[in-house]
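Novice: Chains as they are written, first to last, in the numbering used here: chain A, 1 to 116; chain B, 1001 to 1115.
Note that CB positions come from ideal geometry on N, CA and C, so glycine has one too.
All of these numbers come straight from a predicted model, not from anything done at the bench.
One structure follows; several queries about it will come next.
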């Protein structure tokens, strides 16, 4: 079974609007962390935001916020006020505490395209 | 956050040859990893680079094909041996600290094309 599922291969959003990128995960480990990365066409992986399984509040970093619904095992990324520079691939990833150290398991990614 | 550099940033190689990719970090890190991203795909972990001992490889990756060195806490190399066109990928170095679960950073990647 897939540990990280991103069901939206591609999405369009109008500039200045908000967009939600979906991520669901599967783990039996009570301690885990969820990451979102942005990958522009240059190929680098840019860390955006982190949510720990025991965190009481949803993580926020500037225009990025994470809608963490633990019971549903979802960790959706919300980007507010989209900008043209947000056009990129976005990857959700998970680290499990009882897994292999700090190893990350990645979802298949979502390509976001921001329309002017 | 750690500053990570990789060399080369990109290369075009002939099949049957080998390429060594370097990963340098500006501070000591406990964990270093090598990932592969094939065209249009997500990232797959190749191995964990262990300082002073043999790397730990994931299923489907072997030391003869992807030898890894990690002589200290700031540097690692990945060699892609006897290359074929199927090895054309982005190779990414990633680092983290053992007890810092909320951080894991990536280098800029090495874009490899095998002809």
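Looking at the C-beta of residue 113 (chain A), does it have a partner C-beta in chain B at a distance below 9 angstroms?
Specialist: No, its Cβ sits nowhere closer than 9 angstroms to a Cβ of chain B.
Novice: Name the residues in the stretch 43-59 of chain A whose C-beta lies less than 7 angstroms from a C-beta of chain B; which are they?
Specialist: Answer set for the stretch 43-59 of chain A: 43, 44, 45, 47, 50, 52.
Novice: Residues of the stretch 58-88 of chain A in Cβ contact with chain B at a cutoff of 8 angstroms, in chain order, please.
Specialist: From the stretch 58-88 of chain A, no residue has a Cβ closer than 8 angstroms to chain B.
Novice: List, in order along the chain, the chain B residues whose C-beta lies closer than 7 angstroms to that of residue 108 (chain A)?
Specialist: Those within 7 angstroms of residue 108 (chain A) in chain B are 1042.
Novice: DSSP state of residue 1087 (chain B), grouped into three classes?
Specialist: If DSSP states are grouped into helix, strand and coil, residue 1087 (chain B) belongs with the helices.
Novice: List, in order along the chain, the chain B residues whose C-beta lies closer than 7 angstroms to that of residue 33 (chain A)?
Specialist: Correct list: 1101, 1102.
Novice: Per DSSP, what are the beta-bridge partners of residue 1004 (chain B) in this structure?
Specialist: Its beta-bridge partners are B:1025.
Novice: By Cβ distance below 6 angstroms, which residues in the same chain neighbour residue 49 (chain A) in space, the five residues on each side in sequence not counted?
Specialist: Closer than 6 angstroms at the Cβ level, and outside the excluded window around residue 49 (chain A), lie 36, 59, 61, 64, 66.
Novice: Going straight from the alpha carbon of residue 116 (chain A) to that of residue 85 (chain A), what length do you get?
Specialist: About 11 angstroms.
Novice: Name the residues in the stretch 3-30 of chain A whose C-beta lies less than 8 angstroms from a C-beta of chain B; which are they?
Specialist: Correct list: empty, as no residue qualifies.
Novice: Taking 9 angstroms as the CB-CB limit, is residue 1008 (chain B) close to chain D?
Specialist: Structure shown: chain D not included; protein chains present are A and B.
Novice: If I measure Cβ to Cβ from residue 111 (chain A) and keep anything under 6 angstroms in the same chain, skipping five residues before and after, which residues do I get?
Specialist: Contacts found: 10, 89.
Novice: Would you say residue 90 (chain A) faces chain B, with C-beta separation under 9 angstroms as the test?
Specialist: Cβ-Cβ to chain B under 9 angstroms: no for residue 90 (chain A).
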